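Working notes for the structure below.
Number of protein chains: 2
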Amino acid sequence: MSQRLHLDEREASPLLVVGSVAFDNIITPYAKGERILGGSASFASLACSYFCPTQLVGIIGNDFDDIHIDRFRKQDIDLEGLQIDKTGPTFFWAGKYHENFNQRDTLETQLNVFENFRPDLPASYKQTPYVLLANIGPDLQHHVLDQMEAEAYVVADTMNLWINIMHDTLLDLMKRVHLLVVNDDESEMLTESNNIILAGEKLREMGPETVIIKKGSHGAVLFHEAGVFSIPAYPVTDLRDPTGAGDSFVGALAGYLAAVRRSDFAAIKQAMLYATVIGSFTVEAFSCDRLETAGVVGIEERRKTLLDIITP
Amino acid sequence: MSQRLHLDEREASPLLVVGSVAFDNIITPYAKGERILGGSASFASLACSYFCPTQLVGIIGNDFDDIHIDRFRKQDIDLEGLQIDKTGPTFFWAGKYHENFNQRDTLETQLNVFENFRPDLPASYKQTPYVLLANIGPDLQHHVLDQMEAEAYVVADTMNLWINIMHDTLLDLMKRVHLLVVNDDESEMLTESNNIILAGEKLREMGPETVIIKKGSHGAVLFHEAGVFSIPAYPVTDLRDPTGAGDSFVGALAGYLAAVRRSDFAAIKQAMLYATVIGSFTVEAFSCDRLETAGVVGIEERRKTLLDIITP
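In order, the protein sequence lines correspond to chains G and H.
Quick note on the numbering used here: the first sequence kicks off at 393 and runs consecutively.
Quick note on the numbering used here: the second sequence kicks off at 393 and runs consecutively.
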């Protein structure tokens, strides 16, 4: 039985999420997680499923257990777009966090079945009004948009890797995106400005009508035609594993917008409150564990706390 | 003719400010400033003077020009507590900022007349209800409080130097302070916690009923018995010299509280809005130059902009 927030009288729009599904080995200063569920689409779709019907587009290999499939099913996530490739194992990533969590090293990356992933959409997804391009190569993100048969509101995430090795493809993609979400390092790479206000303005000139720059434990800043909005991080005191914080942030963000079928300044600000809260759950445990147990009551409680913290 | 904001129907309380008055040589990635007015009490008293009558306690030497005295006079700052020591020059500091402004090196420090500074208070200051101990040695901060003849609300600033070389004296001082303002590095040094929420709680257990941790371009967080409040920095796009940002922040903060004669959670939150705005002016030019030209209209305009930025 899925958990879903009731945000609007009108029926929520579905959201199409495309990204990676992975197994991660994670070493933090406190603990190790081995072969735990990871990947941008896993975090994003589970986050999104609290807000609206979610269509998951991704690929898994011959080692992907039913127990993980059930985690998606439990939240009623539509898996018609989840490809199963029996010729090899699931995408695998291993990483290690430094003492203070503000840096991490990649120890190992095995693309496995992801190497030949082509995100072809089921016919039933091609008119979905809200699309989240979670973090994968911009070539694959383009391929998803190429298949859409109706106007969709497009939210996109990316990472430093793609800015380095697929720069032009990413710049082209930005022109097709309505809401771009990047972190502060990525915004500096893309704009060559370390002033977050100038960087946000420059990113908007590069295509997306709306931009959010995430600053990790310092919150996030929204740049919209109607103005700027700054929100702090939720006050987490028990940080366990930051992996997936950004993916679940953007999943909740896009999920909220689909749920209320809006993309105006006021709606995006509300979406950021929920996205901040969802990210705060994710980092309190390995994998999607805490994200899945947050619950609608827990989410609304933290949202109220966050509102109190930002109200002068 | 002084510029003063009108914040309350009741008459503003005066505020006693003690700290350093200095000449600075500053090198930034863009420009150099030579023998410009600096020191914690200069920034703090000029900031404070926008809010309430200000009493300046400090020391200057035989090289301190009338032109700088006039800067204080223009804002009606009471200079009875400003000692003039003709035996030597004014405190001098030279520093250089790195490319991105987030680090600086001290190139030279000449204590000069500051070496024998003993902040003895004029009789007329000893019952002032609001006291700001701007950044100077905690031994001198103690000496000021020792002379007070009435209960005062005490706001205090400090720096890494004093945490290192006068640790116990500073810990004793914290028990006499109502509102402690530190930056994130200092809070970590004092509490050994790099989690800002835990650090804020620990600092409150060390004495001050209220604590503000400043995070530079990421804003500041208030820890009060009644709750937590987080505020972003004002969106400055033309950063010229961060020197004095913290001093003017705390000056405006204490000045606002004196002006409204309050120290409750709601008042401190409002004070942080003004403090954030005042700090944003300071960093847009060398010395107190932009702080002095901000004007009451400019301050209120930025306060409104900041309110818009934090309102969901």
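From the three backbone atoms N, C-alpha and C, an ideal C-beta is built for every residue, glycine too.
Remember, it's a predicted structure, so these values are computed and weren't measured experimentally.
Using CA coordinates, which residue listed in G:Pro481, G:Glu500 and G:Gly480 is at the minimum distance from Lys488 (chain G)? G:Glu500
Applying a beta-carbon distance threshold of less than 9 Å, which residues of chain H neighbour Ser655 (chain G)? Those do not exist, as Ser655 (chain G) stays about 16 Å from chain H at its closest Cβ, beyond 9 Å.
Verify whether the separation of the beta carbon atoms of Pro634 (chain H) and Phe493 (chain H) is less than 8 Å. yes
Helix, strand or coil: how does DSSP classify Ala548 (chain G) here? strand
Return the residue from the list H:Gly608, H:Glu617, H:Arg427 and H:Ala544 that minimises the CA-CA distance to Glu597 (chain H). H:Glu617
Whose CA, out of G:Phe456, G:Asp457, G:Arg463 and G:Asp639, lies closest to the CA of Thr685 (chain G)? G:Arg463
How many Å lie between Gly480 (chain H) and Gln502 (chain H) at the Cα? 11 Å
In this structure, how does DSSP classify Arg496 (chain H) when only helix, strand and coil are distinguished? strand
For the stretch 625 to 648 of chain G, which residues have a beta carbon sitting closer than 8 Å to at least one beta carbon of chain H? Pro627, Val628, Thr629 and Leu631
Across the stretch 560 to 572 of chain H and the stretch 533 to 540 of chain H, are there enough close Cβ pairs to call them in contact, namely three or more that are closer than 8 Å? yes
Between Pro406 (chain G) and Glu593 (chain H), what straight-line distance do the alpha-carbon atoms span, to the nearest angstrom? 42 Å
Given that Asp497 (chain H) touches chain G, what residues does it touch there, using C-beta distances under 7 Å? Correct list: empty, because the minimum Cβ distance to chain G is about 19 Å.
Buried or exposed for Pro421 (chain H), please, with buried defined as at least 16 other CB atoms from any protein chain shown within 10 angstroms of its CB. exposed
Opposing strand residues paired with Ser339 (chain G) [DSSP bridges]: Only positions 393 to 704 of chain G appear in this structure, which leaves residue 339 (chain G) out of reach.
Of all Cβ atoms in chain G, is any one closer than 8 Å to the Cβ of Phe621 (chain H)? yes
Under a Cβ-count criterion, where at least 16 other Cβ atoms within 10 Å of its own Cβ denotes burial, should Gln495 (chain H) be classed as buried or exposed? exposed
Chain G beta carbons: is any one of them nearer than 8 Å to that of Asp576 (chain H)? no
Looking at chain H, which residues of the stretch 673 to 701 of chain G have a Cβ within less than 8 Å of any of its Cβ atoms? Leu699, Asp700 and Ile701
Residue range of the alpha helix (DSSP H) that includes Asp416 (chain H): No alpha helix (DSSP H) contains Asp416 (chain H), which is instead part of the beta strand (DSSP E) from Ala414 to Ile419.
In the structure shown, what three-state DSSP assignment does Thr583 (chain G) receive? helix
Under 8 Å between the Cβ atoms of Ala439 (chain G) and Gly690 (chain G)? no
Per the contact definition of three or more C-beta pairs closer than 8 Å, is the stretch 653 to 671 of chain G in contact with the stretch 582 to 590 of chain G? no
Closest Cα partner of Ala646 (chain G) within the set G:Arg632, G:Ala637, G:Ala667 and G:Pro627: G:Ala667
So the candidates are H:Gly453, H:Leu553, H:Asn454 and H:Gly599; which of them puts its Cα closest to the Cα of Glu578 (chain H)? H:Leu553
Would you say Lys606 (chain H) reaches chain G, if we count a Cβ-Cβ gap shorter than 8 Å as a contact? no
Look up Gln447 (chain G) in the DSSP assignment and give the residues it is bridged to. G:Leu408 and G:Asp470
Hey, how far is the Cα of Thr482 (chain H) from the Cα of Ile419 (chain H)? 20 Å
Decide if Val669 (chain G) is buried, meaning its Cβ has at least 16 other Cβ atoms within 10 Å, or exposed. buried
Can you pull out the residues from the stretch 460 to 493 of chain G whose beta carbon lies closer than 7 Å to at least one beta carbon of chain H? Asn492
Please classify Ile451 (chain H): is it buried, with 16 or more other beta-carbons within 10 angstroms of its beta-carbon, or exposed? buried
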